[in-house]
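Asks:
Residue numbers (this note's numbering), protein chains in the order written: chain Y, 1 to 664; chain E, 1001 to 1664.
#1: Taking Cβ positions, are residue 1494(E) and residue 1586(E) nearer each other than 8 Å?
#2: Quick one: using the 10 Å Cβ neighbour count with 16 as the cut-off for buried, is residue 959(E) buried or exposed?
#3: Report the option in 534(Y), 433(Y), 509(Y) whose CA atom is closest to the CA atom of residue 227(Y).
#4: Suppose only complete runs of 4+ residues qualify. What are the alpha helix (DSSP H) ranges in the region 394-470 of chain Y, listed by chain order?
#5: By Cβ distance below 8 Å, which residues in the same chain neighbour residue 1617(E) in space, the five residues on each side in sequence not counted?
#6: Output the distance between the C-alpha atoms of residue 321(Y) and residue 1132(E), rounded to the nearest integer angstrom.
#7: Which parts of the region 591-653 of chain Y are runs of the beta strand (DSSP E), unbroken and 3 residues or longer, counting only runs that do not cross its ends?
#8: Below 8 Å on the Cβ atoms is my guess for residue 1003(E) versus residue 1316(E); work out the distance and round it to an integer in Å.
#9: With respect to the beta strand (DSSP E) encompassing residue 19(Y), which residues constitute its N-terminal and C-terminal limits?
#10: Flag residue 217(Y) as yes if its beta-carbon sits less than 8 Å from any beta-carbon of chain E, otherwise no.
#11: Using the beta-carbon of each residue, which ones in chain E are nearer than 9 Å to residue 143(Y)?
#12: Ignore the nearest five residues each way along the sequence and tell me which others in residue 1148(E)'s own chain have a CB closer than 8 Å to its CB.
#13: Does the distance from the C-beta atom of residue 1138(E) to that of residue 1198(E) stay below 8 Å?
#14: Using only CA atoms, which one of 1095(E), 1261(E), 1216(E), 1517(E) lies nearest to residue 1318(E)?
#15: Roughly how many angstroms separate the alpha carbons of residue 68(Y) and residue 202(Y), rounded to a whole number?
#16: Would you list, in chain order, the members of the region 541-565 of chain Y that have their beta-carbon closer than 9 Å to a beta-carbon of chain E?
#17: Kindly indicate if chain E contains any beta-carbon less than 8 Å away from that of residue 626(Y).
#18: Can the beta-carbon of residue 334(Y) be found less than 8 Å from the beta-carbon of residue 531(Y)?
#19: Return the residues of the region 486-508 of chain Y that lie within a Cβ-Cβ distance of less than 9 Å from chain C, sorted by chain order.
#20: With a threshold of 8 Å between beta-carbons, can residue 137(Y) be considered close to chain E, or not?
#21: Is residue 1540(E) helix, strand or coil when you go by DSSP?
#22: Any C-beta of chain E sitting closer than 8 Å to the C-beta of residue 672(Y)?
#23: Between residue 233(Y) and residue 146(Y), is the Cβ-Cβ spacing less than 8 Å?
#24: Which chain E residues are close to residue 146(Y), counting only those with a beta carbon under 8 Å from its beta carbon?
#25: Per DSSP, which residues does residue 168(Y) bridge with? Please list them.
#26: Please confirm whether residue 648(Y) has its beta-carbon closer than 8 Å to some beta-carbon of chain E.
#27: How about residue 1619(E): is its C-beta nearer than 8 Å to some C-beta of chain Y?
#28: Between which residues of its own chain and residue 264(Y) is the CB-CB distance below 7 Å, once the five residues before and five after are set aside?
#29: Quick check on residue 1427(E): buried or exposed, where buried means 16 or more other Cβ atoms within 10 Å of its Cβ?
#30: Under the three-state reduction of DSSP, which class applies to residue 572(Y): helix, strand or coil?
#31: Leaving out five residues on either side along the sequence, give the residues of the same chain with a beta carbon under 8 Å from the beta carbon of residue 72(Y).
#32: If I measure Cβ to Cβ from residue 1142(E) and keep anything under 6 Å in the same chain, skipping five residues before and after, which residues do I get?
#33: Which residues of chain Y have a Cβ atom closer than 8 Å to the Cβ of residue 1201(E), listed in chain order?
#34: Taking the C-alpha atoms as reference points, what is the distance between residue 128(Y) and residue 158(Y)?
#35: Give the single residue among 39(Y), 32(Y), 337(Y), 150(Y) whose Cα lies nearest to the Cα of residue 521(Y).
#36: In whole angstroms, what separates the C-alpha of residue 1070(E) from that of residue 1082(E)?
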């Protein structure tokens, strides 16, 4: 029974499972858990005493059937696939020094994975690997992964290493935190390192994901955060993680609650595991949930983990419902979109429609025009002065409207030129002007601003040519071209904009890019609504463009070298690429942007931009990431190149704009 | 005029150049050098005072022609391409903090490279990059590389960093050796690191190579050795590197001589550079070279670097001529060959022909059979005992011959079965037996040894099924199959074999594999005569197979984890893959093999085997390389998988034998 229902939310996270012991009667195990309101169980597929080498000796040569938990007929196909996560035998040790143990483990792993696949299970839980010594285990899992159809393999990783958990609060803590493996040099007690080595050996296979064990101790918030960018499918919440409330019931610390809520919003399924440590007396307490059904409770009470499930369900139901913006964005989360090429292509009506709905954006423009008009025309000159305002890239007219409203508010007279190169948008623009009765004030110019011969000079030049990365839709080139019809002391709105960039963990995006199976897609930027993405360091400014451009030699080529330091409590991390954003100064203190720390609220015109790395880069805890970023300009196109030189060196991406460029 | 002529040697190394200063009359510069017996000059293409930004200001808007050293007409096309290496302006500083300097440098680099390309020069010499801060320089060179047709770019790198050279012999030396760059963590004074960062940014482009500056100080022998695996095209030998002999003439230290000789054999061109520091009085000394022409000498004496050239020429001519084996192998050097698949395919006559010529190999076999016969049949039983010897995989008969000769030598009686699956080889075998009159002793069996029903049990089983990596042509599987007709106390020759492996730098091989532009070729092993390959650590044993196989459960699957430590004086290095070898015990102390430290001399049947890495792995000085190697066995094929886990983690290569396998 799902934990609850939230508007617009159809994620897997609303299902909760229980970890179960081996039973030769899996049907009974499942009934018991379903009866206790769990949605699924994580259960071993073979008897834990089974060892292939032993069985082979006993069988004297005849083929061995492993002691599975019943035949495939004991459950229906849909029961197997919706309610059972297979638990691969925990005695497996593929990196044991003992060759027989390794061989038994390999045989069993392949038999169990093969059986799970035969049953069409959605996932199997793999036992935790040896810390930083998982070569043979990873090789075997990698072999299995190549042949899987849809099944996921969840690698079980403790969120806190047992050694760190034991040392918590003692003087050994820091020592353990910094301890490095002798051979690999990696941080032995950072369990993320265990995961990272394993999945790198398996080449980031998209069907290999993580199940995190959550116990009483939690790592630092930043260390938790980096997991959000990893392929996290399940969290195994141990009963030992729970505190006890006044009435004897299990509850979680604030930090644990936050973690669980974060997991819910990132579609991570919870599995409850362990012995019941809270003996709650019957009858059950008065439920806080109006929907709870007394008759059912009697039966449910039998499951020893039921009170934990109830608490998790309570956490789920008390989450805030998604906002309107969140609901709009949900369909776009972590989905790669090609950036617009507005200079080369004409936008479609639907695109205009979407962007025009972004009222926050136009109200910022209106504020900026208002302030510019007040500065430009003092009150005593209102009657005698007409300000010439040109909207370059007027589209279907939203900036014309915002400008006229600003004029009305300030009582300033305006003559507006609306310049638009898309002839289809011009049709709508004409009809808007007629409809609104703006014929005397607004002149429509169907022309590319870079080629228009303006009949007079403008006081104010208004444009909305910004892409997610600021200059990436070639606003600098357009406005440099247009500024020849701006008065010497004229104002450009926006007056400047800056791009920002920061390293991210984004395994889903990496795999989506990889699935194109070519180089070009790894050298292309994508517009993405980041969701299961971990920002590893605050974004830093990249390129700034000022308008009008007062340099004698206009040059929009740029180069920066940026150093990112991950917060020391993050631990090590993997960088799949970079998240790009912008912030624009429309006029003086009126700004507009998506840079996370200063983002304009309630604005949906821009998602972030994602610059991938061809090979993800491992960042050991405490090391610096050095990024080089170039904006290159050729006769017919503009493009970016990027490269990393620390802690390791990447090739320069997108040489000569071979894979990705914006046409002039 | 070439340095000399050696038999079978047609390399570039016999041409020697001189570095020249800028001259607006390059024709005159060239004549002067050619007159001094140099083959080419390394000369600047533009006046060093040229700066594009300055020129642009002066030119007042008209297009700028850089002050090149004459038009393309001053030399003939063949003169340009055979005698001129362009020297890119040394004032360039693309990683300067000064934006104008960067911009001028970029413009000039592109102009000069464009001009050199227009002239069809074979190479241009690029100035030395800033240590570990070469992002923008590398990006620019990378852009240039994409558009080049055939021209090479030689990046100039000092063999010893100026700081290390200055500190040589002082107490600062060790400190500087260990000093790391703050951001990248790399060794600042190891100039190999400068090169490695640059070429990694340029993605190992095959037209980017190294020109090493050689001065008076040399690094440790191991530090020099790693350069042999790099794309080394030129060495710029400074006059300051020379000592002075009794007669006042320049000469080189023993270490320098060894280095230059090594460079000659690896096809590295020498360029002499610097001021003349040895004022040798006229007339020239009596030449040691019988070919020298007195009339020419008068003219040559004018060139200030002539005495250095003469010394280098002397070094070249005193090199030992290549041995017969070297001449045989020359055509195979660093050339990728697919390993044989003798089980699935039948060898061609030519292949038999080549291998049968390897007399060393068969004399080792003869020794082994002799020793086995003596052990098996004591003198007193000679008359009454006939030893049954089976040659499995007899081919066209060389092992039959070696066995019969051993019998003759020892006076032992022999009954031989020659088992061969290739029906074409059987034809030859039959006629050999007739020709030699062996009909009474040798029975030919045209059959796969794994399927043959032998009429009796053998005392000795002789085979030559070994590949470069020992077991890679499936000798274990064949002999396991054949041993059912070996007596319980019978002898297998070979009685065991072990594969060996070690990390190598092999940029040429890496680029050859890369040129296939697919994954499969990076997961395939190749047979290669290693030449421009640096062995970074001694090879270590991998898998051993014993015959007869006495295990109750025969299992030819294997797994090892190996740790390689580079000698501390090597510095950092790049691993492109692994060199594989084998050593076989034929019988008791008679062995056969290609493992470098114990290789059987004068044997040419096997070259090494090369296991590539998909991405070369950087090994910082002092770190350990951890390699995992698996031999996997399936129902129809055998394959290897391999992965590195330290100092960084690679994906597992060749999962499930998807790219490379040997059919059973």
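No residue lacks a Cβ here, since even glycine has one placed at the ideal position from N, Cα and C. Keep in mind that this is a model prediction, so the values were computed, not measured.
Replies: According to the structure shown:
#1: At the C-beta level, residue 1494(E) and residue 1586(E) come within 8 Å of one another.
#2: Because chain E in this structure spans residues 1001 to 1664, residue 959(E) falls outside the shown range and cannot be described.
#3: Ranking the options by Cα distance to residue 227(Y), first place goes to 534(Y).
#4: Runs of the alpha helix (DSSP H) lying entirely within the region 394-470 of chain Y, each at least 4 residues long, are 398-410, 423-436 in chain order.
#5: Spatial neighbours of residue 1617(E) in its own chain (CB-CB distance under 8 Å, excluding positions within 5 residues in sequence) are listed in chain order as 1574, 1575, 1625, 1644, 1647, 1648, 1650.
#6: About 51 Å.
#7: As for any beta strand (DSSP E) of minimum length 3 sitting wholly inside the region 591-653 of chain Y, the runs are 608-619, 624-633, 637-646, ordered along the chain.
#8: Contact between residue 1003(E) and residue 1316(E) holds, since their C-beta atoms are separated by about 4 Å, short of 8 Å.
#9: Where residue 19(Y) is concerned, the enclosing beta strand (DSSP E) stretches over 16-19.
#10: Closer than 8 Å to the CB of residue 217(Y) there is not a single CB belonging to chain E.
#11: Within chain E, the residues near residue 143(Y) are 1632, 1641, 1652, 1655, 1656.
#12: Cβ within range, chain order: 1113, 1117, 1207.
#13: The answer is yes: Cβ separation under 8 Å.
#14: Out of 1095(E), 1261(E), 1216(E), 1517(E), 1261(E) has the C-alpha closest to the C-alpha of residue 1318(E).
#15: Roughly 27 Å separates the two Cα atoms.
#16: Contact annotation: in the region 541-565 of chain Y, residues whose CB is within less than 9 Å of a CB in chain E are 553, 555, 557, 559, 561, 563.
#17: For residue 626(Y), at least one C-beta of chain E is nearer than 8 Å to its own C-beta.
#18: For residue 334(Y) and residue 531(Y), yes; Cβs fall inside 8 Å.
#19: Looking at the structure shown, chain C is missing, and the protein chains on hand are Y and E.
#20: Between residue 137(Y) and chain E, the shortest Cβ-Cβ separation is not below 8 Å.
#21: The answer is strand: DSSP assigns residue 1540(E) an E or B state.
#22: No statement about residue 672(Y) is possible, as the shown extent of chain Y runs from 1 to 664 and does not include it.
#23: Going by C-beta atoms, residue 233(Y) is not nearer than 8 Å to residue 146(Y).
#24: What residue 146(Y) touches in chain E: 1655, 1656, 1658.
#25: Paired residues: none, contrary to the question.
#26: It does: the Cβ of residue 648(Y) has a partner Cβ on chain E nearer than 8 Å.
#27: Chain Y places no beta carbon closer than 8 Å to that of residue 1619(E), leaving this residue out of the contacts.
#28: Closer than 7 Å at Cβ, skipping near neighbours: 13, 316, 319.
#29: Exposed is the label assigned to residue 1427(E), since fewer than 16 other Cβ atoms lie within 10 Å of its Cβ.
#30: In the structure shown, residue 572(Y) falls within a coil segment according to DSSP collapsed to helix, strand and coil.
#31: Excluding five sequence positions before and after residue 72(Y), the CB atoms of its chain that fall closer than 8 Å to its own CB belong to 80, 118, 119, given in chain order.
#32: Taken in chain order, the residues that qualify are 1202.
#33: Ordered by position in chain Y, the residues that pass the 8 Å Cβ test against residue 1201(E) are 643, 645, 649, 650, 651, 652.
#34: A straight line joining the alpha-carbon of residue 128(Y) with that of residue 158(Y) spans about 8 Å.
#35: For residue 521(Y), the nearest C-alpha among the options comes from 337(Y).
#36: If I take the Cα positions, the gap works out to 17 Å.
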